[in-house]
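Asks: If you're matching them up, the sequences are chains L and Y in order. Take the first sequence: its letter number 343 is residue 430 in the numbering used here, and every next letter is one higher. Take the second sequence: its letter number 329 is residue 416 in the numbering used here, and every next letter is one higher. Think of the CB as a built atom: it goes at the ideal place given N, C-alpha and C, for glycine as much as any other residue.
Protein chains: 2
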Amino acid sequence: MSSLDRANCEALDAKDPLAIARDRFHLPEGIVYLDGNSLGALPRATAEHVQTVIQAQWGHDLITSWNKHGWVDLPRRLGAQIARLIGAQSDEVVVCDSTSLNVFKLISAALALRPDRKVILSDNGNFPTDLYMAQGLAQLLSRDHHLEIVPPEAVIDRIDTDVAVVMLTEVDYRTGRRHDMATINAKAKATGAHTLWDLAHSAGALPVDLNGTGADFAVGCGYKYLNGGPGAPAFLFVARRWQDATQQPLFGWFGHAVPFAFETAYQPKPGIDRFLVGTPPVLSMAALECGLTTFDGIDLALVRQKSLALGDLMIRLVDQECAGFGLTLASPTEGGLRGSQVSYAHSAGYAVMQALIARGVIGDFRAPDLMRFGFTPLYVRYQDIWDAVATLKAVLETAEWRLPAFNRRAAVT
Amino acid sequence: MSSLDRANCEALDAKDPLAIARDRFHLPEGIVYLDGNSLGALPRATAEHVQTVIQAQWGHDLITSWNKHGWVDLPRRLGAQIARLIGAQSDEVVVCDSTSLNVFKLISAALALRPDRKVILSDNGNFPTDLYMAQGLAQLLSRDHHLEIVPPEAVIDRIDTDVAVVMLTEVDYRTGRRHDMATINAKAKATGAHTLWDLAHSAGALPVDLNGTGADFAVGCGYKYLNGGPGAPAFLFVARRWQDATQQPLFGWFGHAVPFAFETAYQPKPGIDRFLVGTPPVLSMAALECGLTTFDGIDLALVRQKSLALGDLMIRLVDQECAGFGLTLASPTEGGLRGSQVSYAHSAGYAVMQALIARGVIGDFRAPDLMRFGFTPLYVRYQDIWDAVATLKAVLETAEWRLPAFNRRAAVT
Chain L
88 MSSLDRANCE ALDAKDPLAI ARDRFHLPEG IVYLDGNSLG ALPRATAEHV QTVIQAQWGH
148 DLITSWNKHG WVDLPRRLGA QIARLIGAQS DEVVVCDSTS LNVFKLISAA LALRPDRKVI
208 LSDNGNFPTD LYMAQGLAQL LSRDHHLEIV PPEAVIDRID TDVAVVMLTE VDYRTGRRHD
268 MATINAKAKA TGAHTLWDLA HSAGALPVDL NGTGADFAVG CGYKYLNGGP GAPAFLFVAR
328 RWQDATQQPL FGWFGHAVPF AFETAYQPKP GIDRFLVGTP PVLSMAALEC GLTTFDGIDL
388 ALVRQKSLAL GDLMIRLVDQ ECAGFGLTLA SPTEGGLRGS QVSYAHSAGY AVMQALIARG
448 VIGDFRAPDL MRFGFTPLYV RYQDIWDAVA TLKAVLETAE WRLPAFNRRA AVT
Chain Y
88 MSSLDRANCE ALDAKDPLAI ARDRFHLPEG IVYLDGNSLG ALPRATAEHV QTVIQAQWGH
148 DLITSWNKHG WVDLPRRLGA QIARLIGAQS DEVVVCDSTS LNVFKLISAA LALRPDRKVI
208 LSDNGNFPTD LYMAQGLAQL LSRDHHLEIV PPEAVIDRID TDVAVVMLTE VDYRTGRRHD
268 MATINAKAKA TGAHTLWDLA HSAGALPVDL NGTGADFAVG CGYKYLNGGP GAPAFLFVAR
328 RWQDATQQPL FGWFGHAVPF AFETAYQPKP GIDRFLVGTP PVLSMAALEC GLTTFDGIDL
388 ALVRQKSLAL GDLMIRLVDQ ECAGFGLTLA SPTEGGLRGS QVSYAHSAGY AVMQALIARG
448 VIGDFRAPDL MRFGFTPLYV RYQDIWDAVA TLKAVLETAE WRLPAFNRRA AVT
């Protein structure tokens, strides 16, 4: 393979059909942002729209805005926008609460479908909060329910007739390794288990086909590839066939059949709305709405194609430029097995990442030794990958990551 | 008692020591807003502060803002601001999730303190979502736990040695009737029960003394008297003595002892932080922060004094101006027994309220027949009470509420 240079990368950008999407975002000058898998960048539309909601809606129309400006419909309206990105029907998705809380609701719903089974199956590549929520629920139930954690590659064989629910994150937050959703859904169905997918690192990064692959339940995050802003509300998906057959235990008034009748006994709304709990956080939802509109007119097949091309380019350039510096690729080389990120292990990964950030290349670090580089195809360019790798090479060549400033751990990295 | 006129009300405003606080809010021209107990008005500082968080923090500093701009501390920082308003220590309160979810967490925590007791005691004046959350939890536990609902006045005598937790809203959302927190806490303590107070209609409206009265747990709402914006995050209080002795079942990563170690097993953080679940909704929290700063330098004793004076004035003026129109006072006349609202029953309450709103006097309606008028002492004036009652009189005299336009029910009132 011939060696690549920056001009080659610029040429790729010049013919990128998604290049127009970058204008939908505010990106600071001089920064290469490869951390959209932790916090998506700011869409250009957000600031003004949130101002309108604050001043013209809340400020001027006050309480009447719940109807007048459709605040009450936000969970469903935003859910319908997300549905297209994840292969769901518009009435199968709502936006609400946090990913953690939505995991709790949907494990509960899934367990109730299989009262005879006690195993919640997951893998050690799942994001910890999902595992914690399962542990909390199992402890609360105290009916022999337990979380069983196996390695990712062992999941498929472990799915058996004692498993109530298979709870997995499609794309591993550390390595980017991707589960085969169709195969796992099929095995679960064959054994009578149900599946709960966490799409935190999938939704908006690659096409997901929940209904096409027979998924039962799913959750996902609003603040990563959906660009909803820090701590944006999350979403949940319940396949139509389970909506009226299940309920979740967090009986809140927004999930009540007639919330404004103020009855003392809970009765769930029909359909997906029963998975709502409290009053929707309107300002955060307004920001998420702008994040979702960055996908208007965007073909997710092109998103996936570019995402893989960016990852392949990164792997190739690191091989070309950074050999001998102790970097070990921690992500699958084969695109089909990978999400929208590439991770490298390095014994001084934390300090190297801090040195990169100091030079304006923002990725992040995950214990014990992983440097993550996330690719948001709507705004990351091929030339950004060149610049990131060139900067990585400079940091490693100069060994500037050995400076004390880069070795101090912060609370959040 | 001599009759009052608008000039008398203006004179009261002229000598009101809280008059300065009204400038801290954006209030639309020509509107009398008596619905701050449903959605607080927009503070003047909010729009600009949220812009800064969106543009300078999220937009420019991206992921680094979690530390650089203290996003990670928001739950505790805002909690400490609320603590002063409710008689708590700064390390006893956090802002997180919705009131409903916080009720779920704290009933769970309270039940775990009394595993031998099965009764969650509440009253039929509690806000329904609190009752629903208790029903959902009891159903999930399936260990004979149950919610028992009695009339408000029967609560004190029903507290007995079989009650695990007494869960009450201090101020009734419909009538404004106020529970005697000190007496109920004392009876609960004497019988070995714990108390969980919902301060949705108390926090910011009147001084609350959680520690002085021996309360165990409390929750409250950010979008009513705290002016945090539509669907603002809620708060919760856990008395210091219970923080390490209890935990809640929604094991989320923000409640984990070392969230960024990404361990697979949950272990709760020491102190109040274990009551956190998912990633904090930064934009909504930024707005709430501005709501809380409207209380800077404000003496809550003056807030209470004005709140009661506004309520007394409303009752007096309705007696004076609106006799014979079928209005029945549904709130206690005695200030000490009342929160910061006055409600009237009327057989056409919904339509009368719609007619009032059409004339710019905004209160709200609660089924079956109650018109609610809430008083936020920081921005409601005595002359507003005059104008509200004069408008009410006009609506009743003209019987314009009989028009079809005012009799159509909307989804949210």
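Quick one: which chain Y residues come within Cβ less than 7 Å of R453 (chain L)?
Replies: Stepping through the first sequence from its first residue, residue 453 (chain L) is reached at position 366. Per Cβ cutoff of 7 Å: F349.
Asks: Going along the region 235 to 246 of chain Y in order, which residues come within less than 8 Å of chain L, judged by CB to CB distance?
Replies: Within the region 235 to 246 of chain Y, the qualifying residues are I236.
Asks: Check P70 (chain Y) in the structure and name its three-state DSSP category.
Replies: Residue 70 (chain Y) is absent from the model: chain Y starts at 88 and stops at 500.
Asks: Would you please verify whether the beta carbon of F460 (chain L) is less than 9 Å from any beta carbon of chain Y?
Replies: Against the first sequence, residue 460 (chain L) aligns to sequence position 373. With 9 Å as the cut-off, F460 (chain L) does not count as an interface residue toward chain Y.
Asks: Nearer than 8 Å: is that true of the beta carbon of Y312 (chain Y) relative to any heavy atom of the ligand COA?
Replies: Among the ligands in the structure shown, none appear at all, so the ligand COA cannot be discussed.
Asks: Can you name the residues of chain Y whose CB is closer than 8 Å to the CB of M220 (chain L)?
Replies: Within the first sequence, residue 220 (chain L) is the residue found at index 133, counting from 1. Going along chain Y in sequence order, the residues near M220 (chain L) (Cβ under 8 Å) are L337, F338, G339.
Asks: At what residues does the alpha helix (DSSP H) containing F191 (chain Y) begin and finish?
Replies: As a working note, residue 191 (chain Y) is residue 104 in the second sequence. Run containing F191 (chain Y): 186 to 200, per the alpha helix (DSSP H) assignment.
Asks: Which whole runs of the alpha helix (DSSP H) in the region 120 to 165 of chain L are 4 residues long or more, in chain order?
Replies: As far as the region 120 to 165 of chain L is concerned, its whole alpha helix (DSSP H) runs of at least 4 residues are 133 to 139, 152 to 155.
Asks: State the DSSP-derived secondary structure class of A280 (chain L), mapped to helix, strand or coil.
Replies: Taking the first sequence and counting its residues from 1, one reaches residue 280 (chain L) at position 193. Here A280 (chain L) sits in coil by DSSP.
Asks: Please identify the residue among Y:L129, Y:L121, Y:L91, Y:L297 whose C-alpha is closest to the C-alpha of G315 (chain Y).
Replies: Sequence index remark: in the second sequence, residue 315 (chain Y) carries index 228 (1-based). Of Y:L129, Y:L121, Y:L91, Y:L297, the residue nearest in Cα terms is Y:L129.
Asks: Using the Cβ count rule (16 or more neighbours within 10 Å means buried), how would you classify I107 (chain Y)?
Replies: As a position in the second sequence, residue 107 (chain Y) is number 20, starting the count at 1. Exposed: under 16 other Cβ atoms inside 10 Å.
Asks: Residues of chain L with CB under 7 Å from H147 (chain Y), in chain order?
Replies: Residue 147 (chain Y) sits at position 60 when you count from the first residue of the second sequence. Going along chain L in sequence order, the residues near H147 (chain Y) (Cβ under 7 Å) are P115.
Asks: Could you tell me if D259 (chain Y) is buried or exposed, where buried requires 16 or more neighbouring beta carbons within 10 angstroms of its beta carbon?
Replies: Mapped onto the second sequence, residue 259 (chain Y) falls at position 172. Classification for D259 (chain Y): buried.
Asks: Can you tell me whether L313 (chain Y) is helix, strand or coil according to DSSP?
Replies: To locate residue 313 (chain Y), count along the second sequence from 1; it is residue 226. In this structure, L313 (chain Y) counts as coil in the three-state DSSP scheme.
Asks: Can you give me the C-alpha to C-alpha distance between A321 (chain Y) and Q142 (chain Y), rounded to a whole angstrom?
Replies: The residue labelled residue 321 (chain Y) in the question sits at position 234 within the second sequence. The residue labelled residue 142 (chain Y) in the question sits at position 55 within the second sequence. When rounded, the distance between both Cα atoms is 25 Å.
Asks: By alpha-carbon positions, which one of Y:L91, Y:W153, Y:F112 ends up nearest to G318 (chain L)?
Replies: Taking the first residue of the first sequence as position 1, residue 318 (chain L) is located at position 231. Closest option to G318 (chain L), Cα to Cα, is Y:W153.
Asks: Among Y:I271, Y:D471, Y:G461, Y:P491, which has the Cα closest to the Cα of G127 (chain Y)?
Replies: One-based indexing of the second sequence puts residue 127 (chain Y) at position 40. The shortest Cα separation from G127 (chain Y) among Y:I271, Y:D471, Y:G461, Y:P491 belongs to Y:G461.
Asks: For W158 (chain Y), decide whether its Cβ has a neighbour in chain L, counting only Cβ atoms nearer than 9 Å.
Replies: Numbered from its first residue, the second sequence carries residue 158 (chain Y) at position 71. Taking Cβ atoms only, chain L reaches closer than 9 Å to W158 (chain Y), which makes this a yes.
Asks: In whole angstroms, what is the alpha-carbon distance linking N95 (chain L) and Y469 (chain L)?
Replies: Taking the first sequence and counting its residues from 1, one reaches residue 95 (chain L) at position 8. Taking the first sequence and counting its residues from 1, one reaches residue 469 (chain L) at position 382. If you take the alpha carbons of N95 (chain L) and Y469 (chain L), they lie about 9 Å apart.
Asks: If you follow the alpha helix (DSSP H) that G307 (chain L) is in, where does it begin and where does it stop?
Replies: To locate residue 307 (chain L), count along the first sequence from 1; it is residue 220. From DSSP, G307 (chain L) is part of no alpha helix (DSSP H) but of the beta strand (DSSP E) over 304 to 307.
Asks: Just to make sure I have the definition right: I need the residues of chain L whose C-beta is within less than 7 Å of the C-beta of P464 (chain Y). Which are they?
Replies: Within the second sequence, numbered from 1, the residue matching residue 464 (chain Y) stands at position 377. Going along chain L, no residue has its Cβ under 7 Å from P464 (chain Y), so there is no contact; the nearest lies around 18 Å.
Asks: At a CB-CB cut-off below 7 Å, which residues of chain L make contact with F191 (chain Y)?
Replies: Against the second sequence, residue 191 (chain Y) aligns to sequence position 104. Near F191 (chain Y) (Cβ distances below 7 Å), the residues of chain L are L337.
Asks: Please name the residue in L:S371, L:D331, L:K192 whose C-alpha comes closest to that of G158 (chain L).
Replies: In the first sequence, residue 158 (chain L) corresponds to position 71, counting from 1. The displayed chain sequence assigns Trp, not Gly, to residue 158 (chain L). Closest option to W158 (chain L), Cα to Cα, is L:S371.
Asks: Counting only C-beta atoms, is I449 (chain Y) closer than 9 Å to chain L at any point?
Replies: Mapped onto the second sequence, residue 449 (chain Y) falls at position 362. Yes, I449 (chain Y) lies at the interface with chain L (some Cβ there is under 9 Å from its Cβ).
Asks: Would you mind reading off the limits of the alpha helix (DSSP H) that contains Q407 (chain L)?
Replies: If you number the first sequence from 1, residue 407 (chain L) lands on position 320. Run containing Q407 (chain L): 387 to 408, per the alpha helix (DSSP H) assignment.
Asks: Give me, in chain order, the residues of the same chain whose beta-carbon lies closer than 6 Å to that of A190 (chain L); leave out the 5 immediate sequence neighbours on both sides.
Replies: On the first sequence, residue 190 (chain L) is found 103 positions in, with the first residue counted as 1. Before going on, a small fix: residue 190 (chain L) reads as Val here, not Ala. These residues qualify, in order along the chain: D217, M220, V306.
Asks: Which first and last residues belong to the beta strand (DSSP E) in which D244 (chain Y) is found?
Replies: Taking the second sequence and counting its residues from 1, one reaches residue 244 (chain Y) at position 157. Taken as a continuous stretch (DSSP letters only), D244 (chain Y) belongs to no beta strand (DSSP E), being part of the alpha helix (DSSP H) at 242 to 245.
Asks: Please list the terminal residues of the continuous alpha helix (DSSP H) segment that includes Q441 (chain L).
Replies: What you label residue 441 (chain L) is simply residue 354 of the first sequence in a count that begins at 1. Note, Q441 (chain L): alpha helix (DSSP H), 436 to 445.
Asks: Measure the Cβ-Cβ separation of L198 (chain Y) and V325 (chain Y) and say whether it is below 9 Å.
Replies: Counting from 1 along the second sequence, the entry for residue 198 (chain Y) is found at position 111. Counting from 1 along the second sequence, the entry for residue 325 (chain Y) is found at position 238. Result no, Cβ atoms of L198 (chain Y) and V325 (chain Y) do not sit closer than 9 Å.
Asks: Assuming G436 (chain Y) contacts F452 (chain Y) (C-beta within less than 8 Å), just tell me the rounded distance between them.
Replies: Translated into positions along the second sequence, residue 436 (chain Y) becomes position 349. Translated into positions along the second sequence, residue 452 (chain Y) becomes position 365. Their Cβ separation, rounded to whole angstroms, is 6 Å, which keeps G436 (chain Y) and F452 (chain Y) in contact under 8 Å.
Asks: By the DSSP assignment, the beta strand (DSSP E) with S371 (chain L) in it spans what residues?
Replies: Reading the first sequence from its first residue, position 284 is the one you call residue 371 (chain L). Segment 369 to 380 is the alpha helix (DSSP H) holding S371 (chain L); no beta strand (DSSP E) there.
Asks: Counting contacts by CB-CB distance shorter than 9 Å, is P215 (chain L) in contact with chain Y?
Replies: The sequence position of residue 215 (chain L) within the first sequence is 128, counting from 1. P215 (chain L) counts as touching chain Y.
Asks: To the nearest angstrom, report how far apart L379 (chain L) and L297 (chain L) are at their CA atoms.
Replies: Locating residue 379 (chain L) in the first sequence gives position 292, counting from the first residue. Locating residue 297 (chain L) in the first sequence gives position 210, counting from the first residue. Approximately 18 Å, taken between the alpha carbons.
Asks: What are the residues in the region 420 to 450 of chain L lying within 8 Å of chain Y by C-beta distance?
Replies: Listed in sequence order: I444, I449.
Asks: Could you check if G85 (chain L) is buried or exposed, using at least 16 other CB atoms within 10 Å of its CB as the buried criterion?
Replies: Residue 85 (chain L) lies beyond the range of chain L shown here (88 to 500); nothing can be said about it.
Asks: When the Cα atoms are used, what is the spatial distance from G279 (chain L) to R327 (chain L)?
Replies: Within the first sequence, the letter at position 192 stands for residue 279 (chain L). Within the first sequence, the letter at position 240 stands for residue 327 (chain L). Approximately 18 Å, taken between the alpha carbons.
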